[in-house]
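Quick note: the sequence shown uses our numbering, first residue 11, plus one each step. Notes follow the structure.
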Amino acid sequence: MATDKVRYAANRQVTVTSTIGGESPNYIFQGPAARVSIRNSAGDVLFSEERPVRDLVPGALVQLKSTWNTASNPKGSYAVELQVLEGGAVLGSSTSSFEVLGSSETGGGLTGTLTVEPNPVFIGQDEAIAWTVTNNGNEDLGRLTLTVLIVDPDTQEVKDTLSTTLDLAMSASASGSFISSRLNLKPNTRE
């Protein structure tokens, strides 16, 4: 049994692949079941799924996939356990682990929007850039630096950099605006 990655960001899908084999040389396991569980570092069960497995003849392999979303679960280590059951008795088990990284490390769960007014902008006219940023990640983000770059579309040269720093709690949004002067840009007809 294994996960598709060893590290995940917030709001990412974890895929657990379980391979179950009929290892007895002369016994057919009748209607076994596979139970996959995911636990946090405190041992709390966050996900549990039990599925029937077709009869296992000697040498047969069955592969099952289970999925779980990290959502806003906190950063840390998580344990995955596979149990193979027949008639309620545990025939075998396997464990693995993976890590959920914090939003401050990955940016996972952080989204934002920009609105620029007026459009079009004329030379010498200031431009208002309104922004909103939302933290749907798995931890509060302190001293988050938000940076907007004004880039010449032809040369990719950065013409202006606008920044602010803010604290953004989990499940919170913040909004603000910048004023940018168009004095240093050449005319362009792009929208």
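Even glycine gets a Cβ: it sits at the ideal position worked out from N, Cα and C. Just so it is clear, the structure is predicted and the values come from calculations on it, not from any experiment.
- Going by beta carbons, Ser28 and Ala52 fall outside the 8 Å limit.
- For Thr121, the enclosing beta strand (DSSP E) has its first and last residue at 120-127.
- Counting other Cβ atoms within 10 Å of its Cβ, Ile133 stays below 16 and is therefore classed as exposed.
- A residue is called buried once 16 or more other Cβ atoms fall within 10 Å of its Cβ, and Ala20 is buried on that count.
- From the listed residues Glu127, Ala184, Asp136, the smallest Cα separation to Gly152 is found for Ala184.
- Residue pairing by DSSP places Lys85 opposite no residue, since no beta bridge is assigned to it.
- The Cβ atoms of Arg49 and Phe108 lie no closer than 8 Å to each other.
- Relative to Met11, the option among Asp177, Ala182, Thr174, Thr77 whose CA is nearest is Thr77.
- Along the stretch 39-124, the alpha helix (DSSP H) occurs as fully enclosed runs of 4 or more residues at 113-116, listed in sequence order.
- Under DSSP, Val26 takes part in a beta bridge, and its partners are Thr13, Ser76.
- Annotated three-state conformation of Asp162 is coil, per DSSP.
- When DSSP states are grouped into helix, strand and coil, Asn145 belongs to the strand group.
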